[in-house]
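Down below is the structure, laid out as C-alpha cells.
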Amino acid sequence: MTDQITDLDGRRGMAAQKATELRRLRIEVETDQTALRARRDELEKFLLAAPSASWSEAVEKARYLVGLFAGTLEAQDPRRLHLIQTLFEDFDRLLAQTPHVADHDLPADQGNGRDGTPSPGPRSDTGAKE
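Its first residue numbered 1, the sequence shown is counted upward by one per residue in UniProt numbering.
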C-alpha cells in the first residue's frame, strides 16, 4: 500500500470532471438546504412556544412571516416589494418611539387577555404611565 493520494479528477476527461463537480455541488446544496430547513424548524418552534410578551417580540414574528412571504413569487411585484420595505421601516420607526413595556408589566385591565380579562386593543395614549 502507498501513502500517496491519487488525483482521480486529473485522470478523467473534461466531461467527466464537469459531471463530478456538478454532482459535488448538488450534494453540497442539498446538505445546506437540509441544514437550513432544520434551523428554520427550530426557529418556528421557538416562535410558537409562547405568545409574544412585548411589541418587539410580536414585530420579530411578523418580520419573519413577511420575510417568508417576500421570498415567494407573489411578493416579487414591485408594489408588494415596496410595501414590505415600508412595513419594515414602519416597524423600526414605531419601535424606536414606543416604550417597550411587556404585557406582564401592564396593569390587569390593560393586559393581553391571558388572565381571563379581555384585551382592550391598541392603546391610544403614548404609553406614559398615569
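Glycine included, every Cβ here is placed at the ideal spot set by N, Cα and C.
* For Leu73, which of helix, strand or coil comes out of DSSP? -> Translated into positions along the sequence shown, residue 73 becomes position 73. Coil at Leu73, not helix or strand.
* To do: Indicate whether the contact test is met: 3 or more Cβ pairs, each with one atom in the region 52-66 and one in the region 81-94, closer than 8 angstroms.
  => yes
* To do: Give me the Cβ distance between Ser56 and Leu95, rounded to the nearest whole Å; I'm assuming they're in contact under 8 angstroms.
  => The sequence position of residue 56 within the sequence shown is 56, counting from 1. The sequence position of residue 95 within the sequence shown is 95, counting from 1. 6 angstroms between Cβ atoms; contact.
* **Residue range of the unbroken alpha helix (DSSP H) whose run includes Gln85** => The residue labelled residue 85 in the question sits at position 85 within the sequence shown. Here the alpha helix (DSSP H) through Gln85 covers 78-97.
* Just reading off the alpha helix (DSSP H) that Glu26 is part of, what are its end residues? -> For the purposes of this step, residue 26 is taken as the residue at position 26 of the sequence shown. It is Arg, not Glu, that sits at residue 26 in the sequence shown. Element bounds for Arg26: 14-48.
* Leaving aside the five residues before and after Gly13 along the sequence, list all residues of the same chain whose C-beta is less than 8 angstroms from its C-beta, in chain order. => Position 13 of the sequence shown, counting from 1, holds the residue named residue 13. So the list is empty, once near-sequence residues are dropped.
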